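Counting with the working numbering, you get residues 22 to 440 for the letters of the sequence shown. What follows is a single structure, written as structure tokens, with notes after it.
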Amino acid sequence: MNERLSPFEEKVWLSSPTMHGEEATYMSEAYETNWMSTVGKNINEVERLACEKVGCKCAVGLSSGTASLHMAMKLAGVKRGDKVFCSDMTFGATVNPVVYEGGIPVFIDTEYDTWNMDPVALEKAFELYPDVKVVVVAHLYGVPGKIDALKEICEKHGAVIIEDAAESLGATYKGIQTGSFGEYNAVSFNGNKIITGSSGGMLLTDDVEAANKVRKWSTQSREDAPWYQHEEIGYNYRMSNVIAGVIRGQFPYLEEHIAQKKAIYERYKEGFKNLPVTLNPYDEKNSEPNFWLSCMMINNDAMCRQVRGESESIYVKESGKTCPTEILETLAKYNAEGRPIWKPMHMQPIYRMNSFVTREGDGRAKTNAYIPGGAIGEDGKPLDVGMDIFHRGLCLPSDNKMTEEQQNKIIEIVRNCFE
């Protein structure tokens, strides 16, 4: 540990809830009026606010972003044995709902420009699996993917987009909010998101009939009868009016949180000048992220040797070089939280037998283990882009309560790892 620096007295978090006071007022209102279950003014209001912000006709408050994605799979008609194209570099919650309905995820590789689904690989996937009719697109770390290109490909092949905007609430592409580009879309209010309810999520759509189906399914599919009548499978997925009170109190601060997160990103960008690293990129011409997490990727020639197993990693320190493992361990010593980049789904033990498509075809046939620099395609870039970003990337402390002084110290800690 560098003698010039000392550990933070209070932990600097990756991304923790930032509360303002109104949340407690609306929660108390639910308590005092005794609307504690899955109906009430708070739910009605957060659904209205979500529609107003995102620009969709319907919002259905649910217990989580995952529940919202599950309902989207049902709406899209995913059945047992159906293949579904999915973003590869994402959290498991993007993909698991496909399996809930018996579908089979087929993973589409990532591209370097935004770290999201590669349109070239998606087109290749349709050549391999022309019958696929559902595509699940996630926006990683609050950065919109190449939406126009992805939509054009899906429309050409008659496929429905389900948009996982769990991490990207408030982000825009060509001035349009994410969460409005798919047929069915999901956002999350989990504890570490840009605004939070401690939990909770929302299904967003312009299809009124679909929204009404989700309202029914999410409350155990009760029929309109004087007794409990059930004619189809239901779920206990509806958002509680108490949780909705927290979200209602958070919504007015969404833009403030985004501005704080953007300032963090820009300070990292300035602080890492002349280091052999890049921050998570975005299309500056067409998109405005919500900057939920600031991430970095180390240049190939500045990577020391690093090997990761299923739950452990090792590295060999080299002068002038470093790796994500060393940086994350060093941050932890100073009482700051960073994290690895999402491990791609095709590398996960549970999904290793699923198909994986790169821009040059079947990724499984190319490489299934990380090679420094990667297996190289015709464009001179690694075939397995997601694996490469995972190997060289990490998420930096991005908490919007982090002071500029604290962030400057984190920048110095990272810079020292390259000495």
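Note that the Cβ used here is the ideal one computed from N, Cα and C, for glycine as well. None of these values were measured; they are calculated from a predicted model.
Taking all protein chains in view, the Cβ of His251 is surrounded by fewer than 16 other Cβ atoms within 10 Å, so the residue is classified as exposed. From the listed residues Ile432, Met368, Asn437, Tyr372, the smallest Cα separation to Asp405 is found for Met368. From the listed residues Asn356, Ser332, Gln327, the smallest Cα separation to Pro345 is found for Gln327. With a cutoff of 8 Å on beta-carbon distance, Phe272 and Val67 are scored as near each other.
Nearest neighbour of Arg69 by Cα position, chosen from Gly196, Ala265, Ser36, Pro247, turns out to be Ala265. At the C-beta level, Asn320 and Val298 come within 8 Å of one another. By DSSP's assignment, Met324 forms a beta bridge with Thr343. Within the stretch 238-276, the complete alpha helix (DSSP H) runs of at least 4 residues fall at 262-271.
Rounded to the nearest whole angstrom, the C-alpha separation of Arg101 and Glu122 is 6 Å. The stretch 158-174 and the stretch 195-206 touch, with no fewer than 3 CB-CB distances between them shorter than 8 Å. Contact between the stretch 414-426 and the stretch 358-378 is present, with at least three C-beta pairs closer than 8 Å. By the beta-carbon neighbour count (other beta carbons within 10 angstroms, threshold 16), Leu143 is buried.
Distance from Val208 to Ala192 at the Cβ level is roughly 11 Å; contact not present, criterion being Cβ atoms closer than 8 Å.
By the C-beta density criterion, Asp134 is exposed, having fewer than 16 other C-beta atoms within 10 angstroms. By the Cβ rule, the stretch 108-122 does not count as touching the stretch 252-263, because fewer than three pairs are nearer than 8 Å. Apart from sequence neighbours up to five positions away, the residues of its chain that approach Tyr372 with a beta-carbon distance below 8 Å are Val116, Pro126, Phe128, Met366, ordered along the chain.
In this chain, Val181 is not harboured by any alpha helix (DSSP H); it is covered by the beta strand (DSSP E) spanning 181-185. For Thr115, there is no enclosing beta strand (DSSP E), as DSSP marks it with neither H nor E. For Thr299, the enclosing beta strand (DSSP E) has its first and last residue at 298-300. In the same chain as Pro165, and ignoring 5 residues on each side of it, the C-beta atoms closer than 6 Å to its own belong to Ala192, Tyr194, Thr199, Ser308, in chain order.
For Cys107, the secondary structure class from DSSP, reduced to helix, strand or coil, is strand. Rounded to whole angstroms, the separation of the alpha carbons of Lys95 and Lys145 is 26 Å. Closest by C-alpha distance to Ala284, out of Asp383, Gly203, Glu333, Asn429, is Asn429. In this structure, the alpha-carbon of Pro38 lies about 43 Å from that of Pro151. Here Lys32 is near Asn356, since their CB atoms are less than 8 Å apart. The beta carbon of Thr240 sits closer than 6 Å to those of Arg259, all from its chain and outside the five residues before and after it, given in chain order.
For Ile168, same chain residues with a beta-carbon under 6 Å away, outside a window of 5 residues either side, are Tyr194, Phe202 in chain order. Between the alpha carbons of Gly42 and Gly76 lies a gap of roughly 27 Å.
Only buried fits Tyr205, as 16 or more other CB atoms lie within 10 angstroms of its CB. If you ignore the 5 residues before and after Leu190, its C-beta comes within less than 6 Å of the C-beta of Val208, Ile215, all in its own chain and listed in chain order. Taking C-alpha positions only, Val229 is separated from Val235 by approximately 10 Å. Collapsing the DSSP output to three states places Gln369 in coil.
Here Ile182 really is in contact with Val156; their C-beta atoms are around 5 Å apart, less than 8 Å. In the three-state scheme derived from DSSP, where H, G and I count as helix and E and B as strand, Leu415 is classed as strand. Under the 10 Å beta carbon count, Leu224 is surrounded by 16 or more other beta carbons and is classified as buried.
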